[in-house]
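K.L.:
Read top to bottom, the protein sequences are chains A and B. The working numbering puts the first residue of the first sequence at 23, with every later residue one more than the last. The working numbering puts the first residue of the second sequence at 54, with every later residue one more than the last. Structure incoming, see below.
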Amino acid sequence: MRRLLLQALMQGPMTEAPPAADATSLEHLARKLSEAGRLRLGRSLSIREVDAGSCNGCELEIHALSNPYYDLERFGLRFVASPRHADVLLVTGPVSNNMKMALERTWQATPAPKWMVALGDCAAGCGVFQESAACAGGVAAVLPVDLAIKGCPPSPTEILKGLLALLEENASAR
Amino acid sequence: MPPISGLLRRREPVPNHRPWPRFEVDAEAWREAAVALRDGVVVLTGLWADQDRVHMALAAPDLSAPTVITLGCPERKYPSVAALHPPALRLERVIRELHKLEPEDLPDKRPWLSHGEPYPFLPVEGESLHQIPVGPVHAGIIEPGHFRFTALGETVVRLEERLGYTHKGTEVLMQGADLARAAKLAGRVSGDSTVAYGWALAAAAEAALNVAPPPRALHLRAIMAELERIANHLGDIGAVCNDCSFVIMLAHCSALRETVLRAAAAAFGHRLMMDRILPGGVAADIDAAGVKAIRDVLRAISAKFPHLTRIYDRTDSLEDRTVGTGTLSAALAQGFGAGGFVGRASGRRADARWRPGYPPYDALGIEPVVLTAGDVDARVRVRIAEVQQSLVLVGRLLDTLPAGSISVALPETNEVEGAALIEGFRGDVFVWLRLGADGKVARCHLRDPSWFQWPLLEAAIEGNIVADFPVCNKSFNCSYSGQDL
Chain A
23 MRRLLLQALM QGPMTEAPPA ADATSLEHLA RKLSEAGRLR LGRSLSIREV DAGSCNGCEL
83 EIHALSNPYY DLERFGLRFV ASPRHADVLL VTGPVSNNMK MALERTWQAT PAPKWMVALG
143 DCAAGCGVFQ ESAACAGGVA AVLPVDLAIK GCPPSPTEIL KGLLALLEEN ASAR
Chain B
54 MPPISGLLRR REPVPNHRPW PRFEVDAEAW REAAVALRDG VVVLTGLWAD QDRVHMALAA
114 PDLSAPTVIT LGCPERKYPS VAALHPPALR LERVIRELHK LEPEDLPDKR PWLSHGEPYP
174 FLPVEGESLH QIPVGPVHAG IIEPGHFRFT ALGETVVRLE ERLGYTHKGT EVLMQGADLA
234 RAAKLAGRVS GDSTVAYGWA LAAAAEAALN VAPPPRALHL RAIMAELERI ANHLGDIGAV
294 CNDCSFVIML AHCSALRETV LRAAAAAFGH RLMMDRILPG GVAADIDAAG VKAIRDVLRA
354 ISAKFPHLTR IYDRTDSLED RTVGTGTLSA ALAQGFGAGG FVGRASGRRA DARWRPGYPP
414 YDALGIEPVV LTAGDVDARV RVRIAEVQQS LVLVGRLLDT LPAGSISVAL PETNEVEGAA
474 LIEGFRGDVF VWLRLGADGK VARCHLRDPS WFQWPLLEAA IEGNIVADFP VCNKSFNCSY
534 SGQDL
């Protein structure tokens, strides 16, 4: 293990330069973010991830955000274990009927100011399960959505762009 | 020769079912098959309903010679298999609730995938017991499911799972879909196994239509399947160690996993390789840059991975958490026909690439990696060995990549049936497909390996401490979406 740690010191970090925030998301968010939230949260957001019926493809790419290449926490973004600690709900999946109540309760348990991000085509309302009678057909059919990050699944870079847009809009308005 | 040839004697298989035979049987033969399952003569590889019929896929204990038997249920009832053979239980609960066929003498009639009604958990009685309800929304970034622990102090005396939260009606959406849409849906049954599902659906369709994809397409499918296996194994080896609070393994394994996904994106145009396999072949060919990206990543992982496995081997505090934890008995693994590393870490010698086998693996000589300890450590070690095996396999597949086309046109054949067993990273994925008169999908059943692994997690956790559940759960890594459909 000593050798591995030394190597890591010698070779420098794997972490890559961040992508620019998504411009279209920024414009969209400017209208959505409330003044109170901007003042309170600054350059830091706590994210609670909720799988509302995804195929787990989106979860794999959300996990990838924490690997050394993307290192999400350097931006002040971190995943938290409870909605009580969260500013953002990051929701995946078409909202299956069986997850609808759990999602609503998780949203209710999140203290304001709070934002809802729909991640992936299913959550954004344009996935392959859209017309299923067993699903609501996206997060917006159940709760208000502030930001949608499309893709099946969106790559970690695309997710990062969307989340950075949320963060920058939040901080620039201070 | 089918393993239950005795009860099928003098019967003729139905026409237009490929590649394995399907027999129409009477209730008596159906019961005999259930007895054969109970006695371990055969293993269950699938049990599903189609209109007013139930189908059951059986195979020899080593997965060879799969056979489908069918029982007509004009009165919408049939003899329950689960009454004799518990691994069929959850499948039959679904047949009962979603297909409205009544398995007679079904031991548990609670709905499984349909929520909405209050769900009575199994009663627990005894002094000083307490219950811990967990989920469906978990603390980590994982899929939703509910776990009801009953504990005596710190020790789990019973775990009862309640799943179905991600039920999306996938099999209903399949009905009436053309093959292109069916392939898209199959690729989203369980995102981590999208290649395995894409391949299984394509193989079932090709069997039904009696066409063979070109050799180059088969090689490309196998390269994708092995990359998927390597990526998932790397991610989960790291995650199991992380659940033992040994973070350095996760950091390094997740970085290696990322390099595999990037190579996959460079070679095939999608990090998880979704929608790359289509009935008839593959969606896009690989170019020289793609081959180089894969070879580079094989070389890099082959150089780094041994350092990581050495750390796993030499860290006593880590092995203290994994050795002897979450032990699954060989008898249960075999009885449930547990696929993948869950079965193979408990002595079950089964791998669909080996038996029944399919091209291009039949020419490569696959040997299943089998260990016998059955604990978290054994499941990690099987996966470590499979990473090493797959690294070699991808290299050989690239060395021997045939030239030629990457897909064949599909004939307009109607009213045919096909089946396939494809080894995903988690175990054998079974797909059964019936094409209707219009050439569209009339019925498609997709059976995730998790169906036969989830119940075993309930057994493996018994007697362990509650705090070890995350590491046991991760070492199984069953798919929620795959079994919820």
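Quick reminder that beta carbons are idealized off the backbone N, C-alpha and C, glycines included. All of these numbers come straight from a predicted model, not from anything done at the bench.
Please state the DSSP three-state secondary structure of residue 430 of chain B.
P.N.:
helix
K.L.:
Using a Cβ cut-off of 7 Å, which residues of the stretch 116–144 of chain A contact any Cβ in chain B, in chain order?
P.N.:
Within the stretch 116–144 of chain A, the qualifying residues are 116, 118, 120, 121, 124, 128.
K.L.:
Name the residue from B/270, B/60, B/391 whose alpha carbon lies nearest to the alpha carbon of residue 335 of chain B.
P.N.:
Checked all of B/270, B/60, B/391; the closest Cα to residue 335 of chain B is B/270.
K.L.:
So, do the stretch 100–110 of chain A and the stretch 299–313 of chain B have three or more beta carbon pairs nearer to each other than 8 Å?
P.N.:
Segment contact: the stretch 100–110 of chain A against the stretch 299–313 of chain B, fewer than three CB-CB distances shorter than 8 Å; contact not assigned.
K.L.:
What is the rounded straight-line gap between the Cα of residue 213 of chain A and the Cα of residue 85 of chain A?
P.N.:
It is not possible to answer for residue 213 of chain A, since the shown part of chain A is limited to 23 through 196.
K.L.:
Out of B/103, B/74, B/526, state which residue places its alpha-carbon closest to the alpha-carbon of residue 497 of chain B.
P.N.:
Closest by alpha carbon: B/103.
K.L.:
Determine whether the Cβ of residue 147 of chain A lies closer than 7 Å to any Cβ atom of chain B.
P.N.:
Taking a beta-carbon distance threshold of 7 Å, residue 147 of chain A does not count as an interface residue toward chain B.
K.L.:
Please report how far the alpha carbon of residue 533 of chain B lies from the alpha carbon of residue 81 of chain A, in whole angstroms.
P.N.:
12 Å
K.L.:
Taking a contact to mean a Cβ-Cβ separation below 7 Å, would you say residue 116 of chain A touches residue 75 of chain A in this structure?
P.N.:
yes
K.L.:
How would you call residue 110 of chain B, buried or exposed, if buried means at least 16 neighbouring beta carbons within 10 angstroms?
P.N.:
Label assigned to residue 110 of chain B: buried.
K.L.:
Against chain B, which members of the stretch 63–82 of chain A pass a CB distance test of less than 8 Å?
P.N.:
71, 72, 73, 74, 75, 76, 77, 78, 79, 80, 81, 82
K.L.:
Between residue 155 of chain A and chain B, is any beta-carbon pair separated by less than 7 Å?
P.N.:
yes
K.L.:
Could you list which residues in chain A have their beta carbon closer than 9 Å to that of residue 242 of chain B, in chain order?
P.N.:
Those within 9 Å of residue 242 of chain B in chain A are 77.
K.L.:
Looking at the C-beta of residue 190 of chain B, does it have a partner C-beta in chain A at a distance below 7 Å?
P.N.:
So yes, residue 190 of chain B belongs to the interface.
K.L.:
Using a Cβ cut-off of 8 Å, pull out every chain A residue sitting near residue 28 of chain B, in sequence order please.
P.N.:
Lying before the first or after the last residue shown, residue 28 of chain B is absent from chain B, which here runs from 54 to 538.
K.L.:
Compute the Euclidean distance between the alpha carbons of residue 531 of chain B and residue 184 of chain A, then round it to the nearest angstrom.
P.N.:
Each residue's alpha carbon lies about 30 Å from the other.
K.L.:
Is it buried or exposed for residue 227 of chain B, if we count other Cβ within 10 angstroms and need 16 for buried?
P.N.:
buried
K.L.:
I'd like to check one pair, residue 430 of chain B with residue 376 of chain B: are the Cβ atoms closer than 7 Å?
P.N.:
yes
K.L.:
Counting Cβ pairs, one atom from each stretch, are 3 or more of them under 8 Å apart for the stretch 515–522 of chain B and the stretch 250–270 of chain B?
P.N.:
no
K.L.:
Pick helix, strand or coil for residue 516 of chain B, following the three-state DSSP scheme.
P.N.:
coil
K.L.:
Would you tell me roughly how many angstroms separate the C-alpha atoms of residue 61 of chain B and residue 472 of chain B, rounded to the nearest one?
P.N.:
19 Å
K.L.:
Measure the C-alpha to C-alpha separation of residue 156 of chain A and residue 220 of chain B and round it to an integer number of angstroms.
P.N.:
7 Å
K.L.:
For the beta strand (DSSP E) containing residue 112 of chain B, name the first residue and the last one.
P.N.:
In the DSSP assignment, residue 112 of chain B falls within the beta strand (DSSP E) that extends over 106–112.
K.L.:
Are any of the Cβ atoms in chain B nearer than 7 Å to that of residue 59 of chain A?
P.N.:
Note on residue 59 of chain A: pLDDT 48, under 50, position unreliable in the model; no value is reported.
K.L.:
When the cut-off is 7 Å and only beta carbons count, does residue 385 of chain B lie next to chain A?
P.N.:
Taking 7 Å as the threshold, the shortest C-beta distance from residue 385 of chain B to chain A does not fall below it.
K.L.:
Could you tell me whether the Cβ atoms of residue 333 of chain B and residue 450 of chain B are closer together than 7 Å?
P.N.:
no
K.L.:
I'd like to know whether the C-beta of residue 164 of chain A is nearer than 7 Å to at least one C-beta of chain B.
P.N.:
no
K.L.:
Measure the alpha-carbon distance for residue 247 of chain B versus residue 87 of chain B and round it to whole angstroms.
P.N.:
32 Å
K.L.:
Helix, strand or coil for residue 38 of chain A per DSSP?
P.N.:
DSSP places residue 38 of chain A in coil when its eight states are reduced to three.
K.L.:
For chain A, find out if any of its Cβ atoms is closer than 7 Å to the Cβ of residue 197 of chain B; answer yes or no.
P.N.:
Chain A contact via Cβ: present.
K.L.:
With the cut-off set at 7 Å, would you say residue 424 of chain B and residue 435 of chain B are in Cβ contact?
P.N.:
yes
K.L.:
Identify, in the order they occur along the chain, each residue of the same chain with its Cβ nearer than 8 Å to the Cβ of residue 66 of chain B, setting aside the five sequence neighbours on each side.
P.N.:
74, 75, 76
K.L.:
Output yes if chain A places a C-beta closer than 7 Å to the C-beta of residue 531 of chain B; else output no.
P.N.:
no
K.L.:
For residue 511 of chain B, which residues of its own chain have a beta-carbon under 8 Å away from its beta-carbon, when the five flanking residues on both sides are left out?
P.N.:
211, 212, 213, 214
K.L.:
Quick one: what's got a C-beta closer than 6 Å to residue 494 of chain B's C-beta in the same chain, skipping five residues either side?
P.N.:
The answer, listed in chain order, is 227, 230, 235.
K.L.:
Given a cut-off of 7 Å, decide if residue 379 of chain B and residue 513 of chain B are closer than it, judged by their beta-carbon atoms.
P.N.:
Yes, these two residues count as a Cβ contact at 7 Å.
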